[in-house]
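S.K.:
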Amino acid sequence: MTQLMRDFTSGVLNLVFPPTCVHCGRQGALLCVICLSESTLVSRDVCRKCAEPLTKPGTCTRCVTERSPLDRVYGSYLYETAVGSAVRAFKFDDVRALGSTLSRLFDIEGMSRSTADVVMPIPIHNSRLRSRGDNQSEILARNSLNFWKSNSRVTC
Ligand SMILES: [Zn+2]
Ligand SMILES: [Zn+2]
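Take a look at the structure:
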């Protein structure tokens with residue numbers, strides 16, 4: 009199916025079955041503007057390795073004591089918000105239409121702070137890939153990469 013056909017089909021389905029917010033149930037969008045506006049952005053005061061919120065920028069105790077293998081993690085929104093509900097719906101309830109919304113949120117907030125050279129989705133086991141049909145982190149990475157390619161030096 010071509011992208012044009014997908015867009016047309018999606019538009020018709022949205023007219024017949026308007027999307028509802030996965031967090032509050034309001035009609036109109038899979039993640040409504042009210043829930044999005046009430047979601048908390050990850051502040052700049054986070055652990056430089058794992059993005060755990062801190063009172064000031066630095067490295068959290070866990071990353072220091074456990075010698076984290078991570079170089080850096082970037083986050084956009086706190087997981088305990090409506091955006092977290094959208095991530096769970098995207099990942100576990102197969103609401104694939106949330107992929108573009110979540111990618112945009114990640115692009116705007118997370119990528120603007122990133123100095124990474126590569127976008128790498130977390131791989132999943134083949135059996136999980138078969139049961140889910142897709143690797144959701146790969147969908148987000150591909151969508152984000154499209155944004156990055158047009159706005160920076162990042163390659164894949
Ligand atoms: Zn909502
Ligand atoms: Zn940390």
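101 is the number that this note's numbering gives to position 93 of the sequence shown; each next residue is one higher, with no gaps.
We put the beta carbon where it would ideally sit given N, CA and C, even for glycine.
#1: Could you check what DSSP says for G92 in three-state terms: helix, strand or coil?
#2: With distances taken Cα to Cα, identify the nearest neighbour of D101 among L153, L86, Q144 and L148.
#3: Buried or exposed for V127, please, with buried defined as at least 16 other CB atoms from any protein chain shown within 10 angstroms of its CB.
#4: Quick one, are the C-beta atoms of C39 and P27 less than 7 Å apart?
#5: For R161, which of helix, strand or coil comes out of DSSP?
#6: Classify R106: buried if its beta carbon has 16 or more other beta carbons within 10 angstroms, exposed otherwise.
#7: If distances are taken between C-alpha atoms only, which option among D53, S76 and S108 comes closest to L86?
#8: Going by DSSP, what residues sit across from G66 in a beta bridge?
M.R.: Taking the geometry as given:
#1: helix
#2: Q144
#3: buried
#4: Per the sequence presented here, residue 39 reads as Leu, with Cys not at that position. In this structure, P27 does not lie closer than 7 Å to L39 by Cβ.
#5: With a pLDDT of 47 at R161, under the threshold of 50, the modelled position of that residue is not reliable, and no figure is offered here.
#6: What sits at residue 106 in the sequence shown is Leu, not Arg. Under this definition L106 is a buried residue.
#7: D53
#8: C55
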